[in-house]
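Numbering (my numbering), first residue to last: 4 to 447.
All remarks here apply to the structure that follows.
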Amino acid sequence: MAGTPIVNITDLIDQRRMSGWQIAIVLVCGLVNLLDGMDSQSIGIAAPLIANTLGLKMASLGPVFSAALFGAAVGALGFGPVADRVGRRMMLAISAVIFGVFTLMTAQAQDYNTLLAYRFLAGIGLGGATPCFITLTSEYTPRHLRATFVGMLWACYPLGGMIGGFLNAWILNHFGWHMMFWVGGIVPLFVALIVLLVVPESARFLMARDAPVERVARIVSRMFPDVAQPGVRYTATEEHIAGISVLHLFTEGRATSTSLIWVAQFVGFGALAVAVLWAPADASIVVGFMGLGGFIGNSASGKLLDRVGILAGAVPALLIGAACLAAFGYFASNMALASITAALVNGLIGLGVTTTIVICSAIYPTAIRSTGVGWAMGLGRTGQIFAPLVTGLTIGWGWTPVQMMALMALAPLVGALAMLVLYLHLRGPAAGRSALGWRPEAAE
């Protein structure tokens, strides 16, 4: 109709200052990731007491430690495509409920098999939440701030690990291990309620799915009341894709980028898992420094990507991180040097890994963004499971920690090579030229 005002949702979010509601959305998403980090500390801290209560040997709890990681991989791979079909908000709330319920059930486990099952199912909730909160954050932040916010969002994971280490230890000393999982289960249920009350569905997702204009108008009116006027017609600069399939991650010139991101995720998360598992025994201060380094590195990843790009940011971080990981084997017996090296390993390799998440949130269009993020994270979680198995084999072969860490240092080197090739690919004629070495406009 002639004279009907037209508002482009994509341009509106990109060009306006972030409203208080948008910031609240990002904070809630960060809270979910914080809980993931806190949970990562719980089973390790409680393990000796759980083993004593259930009459198990500590050595038998190895699969229990891996169960949540395996569940997280399954959750990320499965929930990402579902979120692209039914919506990010609802799947984020469902993920938090699954995590909360089965964390509560962990406190009620009466034998080894039920404990294993509950940790696996809780992991599905954690992994399923990741593509949802990353995608929501990327779709409610302006393009020029997206990398910074996604990087800061992912920094909530090591921050949660730091908080969880202290909080869970305090709960354990005062109330016992069961209370750790009661608290760890109840809080996500409250967060799920907050998600339903505070977080809207992505407006860009709604536009891509041809949702009723009234739903979009309600969201716009809460973000920018001056824009939402009667009779406004809303549009969005989005790529429409028929159907949602993992195969779409390999179409329209995305195959190379997807493959390289998966490689970087797999080796990067694998290297970080080995560093945490092989920290010096009874050295909580080393683990604390790891968390601090990870928080700093993840927080800086988005801003660094914006300022200097992949070539000058992520690639050197992974190369230096590889050297630090190799050195970690030499310094394990020296608390001070081990702590410094641990912080550098988690900070530098974490920066490189988080950069891939930031890029992932940018290169995929709205219709398959959760699928892209979910499958990338699924490959990362798989690396967390696979790498410790390799190191276990080397120990069985009689390798020393120095030799083992030197071998694992190859992982971030492979990650650096993948990021370098990704940079060259995205700098090619088909992708256009960008100071970042990646093409944020591809997500628009």
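Virtual Cβ for every residue (Gly too), placed ideally from N, Cα, C.
Distance, V202 Cα to R92 Cα: 7 angstroms
At least three beta-carbon pairs within less than 8 angstroms, the region 16-33 to the region 139-156: The region 16-33 vs the region 139-156: in contact.
Alpha-carbon to alpha-carbon, T138 and V249: 16 angstroms
CB contact flag (T358, L423, <8 angstroms): no
Span separating the alpha-carbon of R430 from that of A112: 53 angstroms
Neighbourhood of M182 by C-beta, 6 angstroms cutoff - its chain only, sequence neighbours within 5 removed: I174
Own chain, CB closer than 6 angstroms to L425, minus 5 neighbours either side, in chain order: Excluding positions up to five away in sequence, the list reads L263.
Every unbroken alpha helix (DSSP H) within the region 183-214, with a cutoff of 4 residues, ordered by chain: 206-211
Of the residues G294, L295 and L38, the one placed nearest F184, counting alpha carbons only: L38
Contact belief for L34 with V194 at Cβ below 8 angstroms, rounded distance in angstroms: 6 angstroms
CA-to-CA distance, D42 to V89, given in whole angstroms: 27 angstroms
Stretch pair the region 343-357 + the region 312-322: three plus CB contacts closer than 8 angstroms: yes
Three CB pairs or more closer than 8 angstroms across the region 121-138 and the region 91-105: yes
Bounding residues of the beta strand (DSSP E) (the contiguous stretch that carries N337): Run containing N337: none; DSSP gives neither H nor E here.
Three or more C-beta pairs below 8 angstroms linking the region 216-232 and the region 146-163: no
Closest Cα partner of G271 within the set G167, G296 and G418: Ranking G167, G296 and G418 by Cα distance to G271 puts G418 first.
C-beta contact flag for P8 and V235 at 8 angstroms: yes
Segment limits, beta strand (DSSP E) that includes T238: Its beta strand (DSSP E) spans residues R236 to T238.
Stretch pair the region 358-371 + the region 63-79: three plus CB contacts closer than 8 angstroms: no
Residue from L59, H177, A50 and L420 with nearest C-alpha to F68: A50
Coil, strand or helix - D285 by DSSP: Residue confidence is low: D285 scores 47 on pLDDT, short of 50, so the model does not pin down where it sits. No coordinate-derived value is stated.
DSSP three-state assignment for V10, whether helix, strand or coil: Strand at V10.
Under the three-state DSSP convention, the category V230 falls into: It is coil, neither helix nor strand.
Burial state of R20, where buried means 16 or more other Cβ atoms lie within 10 Å: exposed
Contact belief for A276 with A390 at Cβ below 8 angstroms, rounded distance in angstroms: 5 angstroms
Own chain residues within Cβ distance below 6 angstroms of L129, not counting five before or after: D39, A75 and F102
C-alpha gap between L52 and V186, whole angstroms: 17 angstroms
Under 8 angstroms between C-beta atoms of Q406 and G273: no
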